[in-house]
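Engineer:
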Amino acid sequence: MPSTIKRDFLTLRDLSPAELASLLVRARELKEGLRSAKAGARSAAAPLAGQSLAMIFRKSSTRTRVSFEVGMAQLGGHAVFLSDSTSQLGRGESVADTARVLSGYVDGVMIRTFEQAEVEGLAEHARVPVINGLTDLVHPCQLLADLQTMTEEFGDDLSDCPVAWIGDGNNMANSWLNAAALAGFELRLACPKGYDPDPAILAWAESRTRITVTRDPSEAARDARVVTTDVWASMGQEDEAAARAAAFEGYCVDETMMESARDEAIFLHCLPAHRGEEVTAGVIDGRWSRVFEEAENRLHAQKALLLFLLGDG
Ligand code: CP
Ligand code: NVA
Numbered sequence: 008m009p010s011t012i013k014r015d016f017l018t019l020r021d022l023s024p025a026e027l028a029s030l031l032v033r034a035r036e037l038k039e040g041l042r043s044a045k046a047g048a049r050s051a052a053a054p055l056a057g058q059s060l061a062m063i064f065r066k067s068s069t070r071t072r073v074s075f076e077v078g079m080a081q082l083g084g085h086a087v088f089l090s091d092s093t094s095q096l097g098r099g100e101s102v103a104d105t106a107r108v109l110s111g112y113v114d115g116v117m118i119r120t121f122e123q124a125e126v127e128g129l130a131e132h133a134r135v136p137v138i139n140g141l142t143d144l145v146h147p148c149q150l151l152a153d154l155q156t157m158t159e160e161f162g163d164d165l166s167d168c169p170v171a172w173i174g175d176g177n178n179m180a181n182s183w184l185n186a187a188a189l190a191g192f193e194l195r196l197a198c199p200k201g202y203d204p205d206p207a208i209l210a211w212a213e214s215r216t217r218i219t220v221t222r223d224p225s226e227a228a229r230d231a232r233v234v235t236t237d238v239w240a241s242m243g244q245e246d247e248a249a250a251r252a253a254a255f256e257g258y259c260v261d262e263t264m265m266e267s268a269r270d271e272a273i274f275l276h277c278l279p280a281h282r283g284e285e286v287t288a289g290v291i292d293g294r295w296s297r298v299f300e301e302a303e304n305r306l307h308a309q310k311a312l313l314l315f316l317l318g319d320g
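Residue 8 is where the sequence shown starts when you use my numbering, and the numbers rise one by one after that.
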């Protein structure tokens, strides 16, 4: 039996508000440290030397894979990529057996998959920390980067940062609900009927912070400090793309919507994006956009998470 209870990161709610706040401070310190190192002051620090992270991808990825792999390397550790087509998972080996086997080799497991229950099953059977790299329900690693981007822009106290979510009540919307409750900001979600966020997560967040669900994107965006959206058809919903495009008519984040937000408002998107669908090119490539800072912050925020789970706490 391990001497200490392992910590998993299956949703943002696996962190307390204080842990989340200190993780975001550390993420910014790591970013600053990396910039200094690249400027010549190279550090020999390797806090995760000898440690390995298995990364199971049952869905595609660019940012999550590269940021975890590079993050482990920068911390002195190593990452191992597994997918359905290159492992026995794709031939039906159970998640429980996979968890037990990987626990004998590696110090942590990151998984991107469909069902949240599969991630929970992996965590139950693994003797090492498990990180959720996206499920149909939530995408907590993305919110670490999004919150880091908000703190860089607006400071540590996010209580006066109303966020407008425009679009699908999907894994990102659910994660924004968790984030709003933990960091204490207002969240307004504009979702078409039939595309609301997860009711249990919504109820949990509503009991902790100010949440509005509306069918009117302009109502959500007005006076917001962050306007954010995501694709209308997530991974696994490709067959619904046409029906969703019809349902989401009027939900494109455009310049008019951004002009109605506060003067200092920023636009965030987890990426990949579809210009001309959920966001105009003028917004995502314009003055409001922080999407590439946000994408870069995946690296720094996840390094802070890896140190929290696998390192010195
Ligand atoms: N935002 C995000 O998770 O990107 P990837 O799908 O490329 O990992
Ligand atoms: N909602 C999107 C997020 C991609 C990072 C999806 O699940 O495909």
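Think of the CB as a built atom: it goes at the ideal place given N, C-alpha and C, for glycine as much as any other residue.
#1: At the level of alpha carbons, what is the spacing between residue 135 and residue 16?
#2: Span of the beta strand (DSSP E) holding residue 194?
#3: Check each candidate in 183, 196 and 86 and name the one with the smallest Cα separation from residue 59.
#4: From what residue to what residue does the beta strand (DSSP E) around residue 215 run?
#5: Compare the C-alpha of residue 2 against each of 203, 236, 103 and 207 and name the closest.
#6: Keeping to the same chain, check which residues put their C-beta closer than 6 Å to that of residue 74; ignore five residues upstream and five downstream.
#7: Locate the beta strand (DSSP E) running through residue 235, then write down its first and last residues.
#8: Can you determine whether any heavy atom of the ligand NVA sits closer than 8 Å to the C-beta of residue 59, and answer yes or no?
#9: Would you check whether the ligand NVA has a heavy atom nearer than 8 Å to the C-beta of residue 175?
#10: Below 9 Å between beta carbons: does that hold for residue 275 and residue 78?
#11: Counting only runs of 3+ residues fully inside the segment 71 to 102, write out the beta strand (DSSP E) ranges in chain order.
#12: Runs of 3 residues minimum, wholly inside the segment 100 to 180: which ones carry the beta strand (DSSP E) assignment?
#13: Just checking, does the segment 138 to 150 make contact with the segment 54 to 73 on the three C-beta pairs under 8 Å criterion?
#14: Less than 6 Å between C-beta atoms, sequence neighbours within five positions excluded: which residues of the same chain meet that for residue 24?
#15: Please state if the CB of residue 315 and the CB of residue 26 are separated by a distance shorter than 9 Å.
#16: Keeping to the same chain, check which residues put their C-beta closer than 6 Å to that of residue 195; ignore five residues upstream and five downstream.
#17: Name, in chain order, the residues that DSSP records as bridge partners for residue 299.
Structural biologist: Result, derived from the coordinates:
#1: Residue mapping note: residue 135 aligns to position 128 of the sequence shown, counting from 1. Residue mapping note: residue 16 aligns to position 9 of the sequence shown, counting from 1. If I take the Cα positions, the gap works out to 11 Å.
#2: Sequence index remark: in the sequence shown, residue 194 carries index 187 (1-based). That run of the beta strand (DSSP E) goes 194 to 197.
#3: Counting from one through the sequence shown, the residue named residue 59 turns up at place 52. Checking every option, the nearest Cα to that of residue 59 belongs to 86.
#4: As a working mapping, residue 215 is identified with position 208 in the sequence shown. Per DSSP, residue 215 belongs to no beta strand (DSSP E) and is neither H nor E.
#5: Because the chain spans 8 through 320 in this model, residue 2 falls outside it and cannot be assessed.
#6: One-based indexing of the sequence shown puts residue 74 at position 67. Excluding sequence neighbours, residue 74 sits near 305, 306 and 309.
#7: As a working mapping, residue 235 is identified with position 228 in the sequence shown. 233 to 236 is the extent of the beta strand (DSSP E) around residue 235.
#8: As a first step, residue 59 is located in the sequence shown; it is residue number 52 there, counting from the start. Because no heavy atom of the ligand NVA lies under 8 Å away, the Cβ of residue 59 does not count as near it: no.
#9: Counted from its first residue, the sequence shown places residue 175 at position 168. The answer is yes for residue 175.
#10: Taking the first residue of the sequence shown as 1, we reach residue 275 at position 268. Taking the first residue of the sequence shown as 1, we reach residue 78 at position 71. Taking 9 Å as the Cβ cut-off, residue 275 and residue 78 do not qualify as a contacting pair.
#11: 85 to 90
#12: Here the runs fully enclosed are 115 to 119, 137 to 139 and 170 to 173.
#13: yes
#14: As a first step, residue 24 is located in the sequence shown; it is residue number 17 there, counting from the start. If we look at residue 24 and ignore the five residues flanking it on each side, its Cβ neighbours are 189.
#15: Numbered from its first residue, the sequence shown carries residue 26 at position 19. Numbered from its first residue, the sequence shown carries residue 315 at position 308. In contact: residue 26 and residue 315 (Cβ atoms closer than 9 Å).
#16: Counted from its first residue, the sequence shown places residue 195 at position 188. Counting only Cβ-Cβ distances below 6 Å, and skipping sequence neighbours, we find 171, 219 and 227.
#17: The sequence position of residue 299 within the sequence shown is 292, counting from 1. In DSSP, residue 299 forms no bridge with anything.
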